[in-house]
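Number of protein chains: 2
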Amino acid sequence: MLKGTLDLLILRTIEIQPRHGLGVSDRIAQITGGTFVVKPGSLFPALHRLEQEGYIEGAWGESDQGRRAKVYRITAAGRKRLTTERRSWDRIVTAVGQVLDPA
Amino acid sequence: MLKGTLDLLILRTIEIQPRHGLGVSDRIAQITGGTFVVKPGSLFPALHRLEQEGYIEGAWGESDQGRRAKVYRITAAGRKRLTTERRSWDRIVTAVGQVLDPA
DNA sequence: TGTTCTATATAGATCACCTATGTCTGAACG
DNA sequence: CGTTCAGACATAGGTGATCTATATAGAACA
Chain L
1 MLKGTLDLLI
11 LRTIEIQPRH
21 GLGVSDRIAQ
31 ITGGTFVVKP
41 GSLFPALHRL
51 EQEGYIEGAW
61 GESDQGRRAK
71 VYRITAAGRK
81 RLTTERRSWD
91 RIVTAVGQVL
101 DPA
Chain E
1 MLKGTLDLLI
11 LRTIEIQPRH
21 GLGVSDRIAQ
31 ITGGTFVVKP
41 GSLFPALHRL
51 EQEGYIEGAW
61 GESDQGRRAK
71 VYRITAAGRK
81 RLTTERRSWD
91 RIVTAVGQVL
101 DPA
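So the protein sequences, as listed, match chains L and E. Letter by letter, the first sequence follows residues 1 to 103 in the numbering used here. Letter by letter, the second sequence follows residues 1 to 103 in the numbering used here.
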């Protein structure tokens with residue numbers, strides 16, 4: 001996948017609804033129709049980093065299937081970060097568009 | 001800048017018009033209003049790689065200021081590559097959009 | 001009880017990109 | 001003429017995010 005977008009995708013996914021780790025990647029794969037597949041080895045380090053930086057919070061709970069799972073939800077700082085990440089993403093999309101199809 | 005988009009930007013820039021190395025980065029910086037600034041240390045390795053892979057061709061010529069410069073133009077293979085890169089980019093933008101704003 | 005599935009976890013490798021620096025050439029200028 | 005300066009190209013070395021591969025634990029089930 002595209003480097004630099006993972007935080008954005010994770011933050012937005014758990015902003016919509018708190019989820020456990022693999023639930024986040026399942027949701028991303030599902031909603032993008034398989035375009036983005038975030039594997040555990042990419043997912044968990046990212047979650048740990050985001051938690052350490054205070055953008056998300058994890059607490060042990062249960063998954064949909066009743067299994068023990070760490071459920072993450074977004075923090076106030078995370079919402080703030082998400083806003084700036086979205087802006088940054090929009091800016092990038094615009095800029096690439098300008099190069100691809102100059103006015 | 002966003003990793004994975006450099007080839008796309010370079011290929012499209014010299015497809016529109018052949019340019020020498022620094023001319024490419026000048027053009028990208030100018031048209032994106034400074035959002036993307038490709039510095040020589042990123043640019044030249046990318047150009048060499050693209051040339052080695054047959055997507056662009058360089059030939060010694062002159063810059064706008066009459067200096068000795070290596071002018072690159074896109075090859076047939078480069079156009080093909082550009083097409084697939086554009087498709088890939090569109091797909092990514094769509095997928096991120098789906099995560100950010102689910103239907 | 002041993003196999004499988006869900007779920008979390010981590011080490012190590014990879015690869016693109018960035019920082020910093022170097023080299024070459026020609027022009028301008030004293 | 002020598003020196004300096006700027007345009008242009010080049011490369012080494014580092015960084016950081018992501019991927020590959022593997023490991024661990026508990027629950028279910030045969």
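All C-beta atoms, glycine included, are put in the ideal place defined by N, C-alpha and C. As the structure is a prediction and not an experimental result, all values here were calculated from the model.
Worksheet item: Going along the chain, which unbroken runs of the beta strand (DSSP E) with 3 or more residues stay wholly within the segment 62-101 of chain E?
Response: Counting only runs of 3 or more, we get 68-74.
Worksheet entry | Simplified DSSP assignment, three categories, for E/G113 | With chain E running from 1 to 103 in the structure shown, residue 113 of chain E is simply not present.
Practice prompt. Could you tell me whether the Cβ atoms of E/T5 and L/V38 are closer together than 9 Å?
Written response: Residue numbering aside, residue 5 of chain E sits at position 5 when the second sequence is read from its first letter. Residue numbering aside, residue 38 of chain L sits at position 38 when the first sequence is read from its first letter. Taking 9 Å as the Cβ cut-off, E/T5 and L/V38 do not qualify as a contacting pair.
Discussion item. Quick check on the burial criterion: 16 or more other C-beta atoms within 10 angstroms. Buried or exposed for L/T84?
Written reply: Your numbering for residue 84 of chain L matches position 84 in the first sequence. With fewer than 16 Cβ atoms within 10 Å of its Cβ, L/T84 is classed as exposed.
Item to complete: Consider the C-beta atom of L/L22 and the heavy atoms of the ligand ZN; say whether any pair is separated by less than 8 Å.
Response: Absent from the structure shown: the ligand ZN. Ligands present: none.
Worksheet item: Mind listing which residues of the segment 16-27 of chain L have their C-beta closer than 8 Å to chain E's C-betas, in chain order?
Response: Residues of the segment 16-27 of chain L whose Cβ lies closer than 8 Å to any Cβ of chain E, in chain order: I16.
Worksheet item: Quick one: is E/P45 near chain L, going by C-beta distance under 9 Å?
Response: Taking the second sequence and counting its residues from 1, one reaches residue 45 of chain E at position 45. Judged by the 9 Å Cβ criterion, E/P45 is not in contact with chain L.
Discussion item. Please list, in chain order, the chain L residues whose beta carbon lies closer than 7 Å to that of E/T32.
Written reply: Looking up residue 32 of chain E in the second sequence gives position 32. Among the residues of chain L, those whose CB is under 7 Å from the CB of E/T32 are A95, Q98 and V99, following chain order.
Worksheet item: Which whole runs of the alpha helix (DSSP H) in the segment 23-56 of chain E are 4 residues long or more, in chain order?
Response: Runs of the alpha helix (DSSP H) inside the segment 23-56 of chain E: 40-52.
Discussion item. Do L/K80 and L/G21 have their beta-carbon atoms positioned less than 9 Å apart in this structure?
Written reply: Taking the first residue of the first sequence as 1, we reach residue 21 of chain L at position 21. Taking the first residue of the first sequence as 1, we reach residue 80 of chain L at position 80. It is not a contact, given that the beta carbons lie outside the stated cut-off.
Practice prompt. Identify, in the order they occur along the chain, each residue of the same chain with its Cβ nearer than 6 Å to the Cβ of L/G61, setting aside the five sequence neighbours on each side.
Written response: Against the first sequence, residue 61 of chain L aligns to sequence position 61. Excluding residues up to 5 positions away in sequence, V71 lie with their Cβ nearer than 6 Å to the Cβ of L/G61 in the same chain.
Item to complete: Mind checking who E/R19 pairs with in its DSSP beta bridge?
Response: Taking the first residue of the second sequence as 1, we reach residue 19 of chain E at position 19. Per DSSP, E/Y72.
Worksheet entry | Straight-line gap, E/L47 to E/G66 (C-alpha atoms, nearest Å) | Translated into positions along the second sequence, residue 47 of chain E becomes position 47. Translated into positions along the second sequence, residue 66 of chain E becomes position 66. Approximately 21 Å between the Cα atoms of the pair.
Worksheet item: Would you call L/R87 buried or exposed, if buried means 16 or more other Cβ atoms sit within 10 Å of its Cβ?
Response: Within the first sequence, the letter at position 87 stands for residue 87 of chain L. Exposed, by the Cβ-count rule.
Practice prompt. Please report how far the alpha carbon of E/T32 lies from the alpha carbon of L/I92, in whole angstroms.
Written response: For this step, residue 32 of chain E is matched to residue 32 along the second sequence. For this step, residue 92 of chain L is matched to residue 92 along the first sequence. E/T32 and L/I92: Cα-Cα distance of roughly 9 Å.
Worksheet entry | Rounded straight-line distance, which links the Cα of L/L8 to that of L/T35 | Here residue 35 of chain L refers to the residue found at position 35 when the first sequence is read from its first residue. Here residue 8 of chain L refers to the residue found at position 8 when the first sequence is read from its first residue. Answer to the nearest angstrom: the Cα atoms are 15 Å apart.
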